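**Student:** The working numbering runs 129 ahead of the 1-based position in the sequence shown. All C-beta atoms, glycine included, are put in the ideal place defined by N, C-alpha and C. Bear in mind that the values here come from a model prediction, so they are computed numbers and not experimental data. Following this message is one structure expressed as structure tokens.
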Amino acid sequence: MPSRRVITGRSQEPRRRFAEELRLLRAERGESLRQLAETLGWDASLFGKLESGATLGSPEVAQALDQHYGTGGLVLTLWELAVGDPTQFKEQYRRYMMLEAEAVSLWHYAVSAPPGLLQTDGYVREALAVGWIKSQELDQQVEARAGRRKLLEGDDAPPFRAILSEAVLRTPLRDLTAWREQLEFLAEAADRPNIALQVLPFSVGLHGLMNTAVMFLRLLDGRTVAYTENDLRGELTEENASVELLQRRYDSLRDLALSPAGSREFILRLLEEVPCEPST
């Protein structure tokens, strides 16, 4: 198949294209960042970060830019594509992210951290910082993870089941306010009709997925693939026999875990134990 002809010479990666188009639109207007900021009421540094690709901003900012430039929804469309752009993730995760976005149902076992789809910004930031990701790359990855959460929102969100090892809920962040927000978010997510959360207590003892975090994705063509992960690498498994083995181990954990209602109560009890930060 012949390669796609490049007409404009601009980036075909959605996140980069969004930044490029914003720079071009402002240049065509002959505006400075300061003038744009004064007109729209946001800080000039925000628009600088948007045009450099350091941040994507919010849909409200994209809508305001659409109105300012008279682009009829183009900026917001580019923003939506950029939010879902798999190239904003590290290369080894991109194929998985593309499959995740297309999945019709998902289920997960978490060994020591909340599933990525259920991590708050505060959790992501501290977890990635521990992995020595710094400055602008850290901001981009936090923003990318926030975009993933949208997959489980809305009326057409796919069903998602997560079994959380008790270790997930017993390993707090250093920032207690951020940890409280994470537990609150899990409790709120457990109330959504498309999400089922179950806690696997320490008391169940040894089991078949002791050291393996795994996500299963049911795809549009009816296939199920599995993605296993540790701190150093992730591996996508598509071979039927291997996926079936992982599924049987997952099913055995589901039978041992607390019920969804009991799991939500468990999370709420832990939330009560989180010390409040002293007021200043």
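1. Under the three-state reduction of DSSP, which class applies to Val233: helix, strand or coil?
2. Do Phe147 and Leu203 have their CB atoms nearer than 8 angstroms?
3. Name the one or two DSSP bridge partners that Phe289 has.
4. Can you round the beta-carbon distance between Gln327 and Ser392 to whole angstroms, since I take them to be within the 8 angstroms contact cut?
5. Who are the near neighbours of Arg416 in its chain, counting only those whose CB is closer than 6 angstroms to its CB and skipping five residues on each side?
6. Please name the residue or residues paired with Ser392 in a DSSP beta bridge.
7. Run through the DSSP bridge pairs and tell me what Thr366 is partnered with.
8. Would the stretch 227–239 and the stretch 268–288 be scored as touching if the rule is three or more Cβ pairs under 8 angstroms?
9. For the alpha helix (DSSP H) that contains Arg254, what are its first and last residues?
10. Which whole-angstrom value is the C-beta distance of Arg290 and Ala325, which I expect to be below 8 angstroms?
11. State the DSSP-derived secondary structure class of Ala183, mapped to helix, strand or coil.
12. For Ser332, name the three-state secondary structure that DSSP assigns.
13. Pick helix, strand or coil for Leu346, following the three-state DSSP scheme.
14. Using DSSP with H/G/I as helix, E/B as strand and the rest coil, what is Ser111?
15. Is Val259 buried or exposed, if buried means 16 or more other CB atoms sit within 10 Å of its CB?
16. DSSP three-state call for Ser294: helix, strand or coil?
17. Is Gly186 buried or exposed, if buried means 16 or more other CB atoms sit within 10 Å of its CB?
18. Buried or exposed for Ala156, please, with buried defined as at least 16 other CB atoms from any protein chain shown within 10 angstroms of its CB.
19. Is it right to say Asp195 is buried, meaning 16 or more other beta carbons lie within 10 angstroms of its own, or is it exposed?
**Tutor:** In terms of the structure at hand:
1. coil
2. no
3. Leu235 and Ile324
4. 5 angstroms
5. The requested residue 416 does not occur in the structure, where the chain is confined to residues 130 to 409.
6. Ser392 pairs with nothing; no bridge assigned.
7. Ala355
8. yes
9. Asp250 to Val259
10. 4 angstroms
11. coil
12. helix
13. strand
14. Any property of residue 111 remains undetermined from this structure, which presents the chain solely from 130 to 409.
15. exposed
16. strand
17. buried
18. exposed
19. buried
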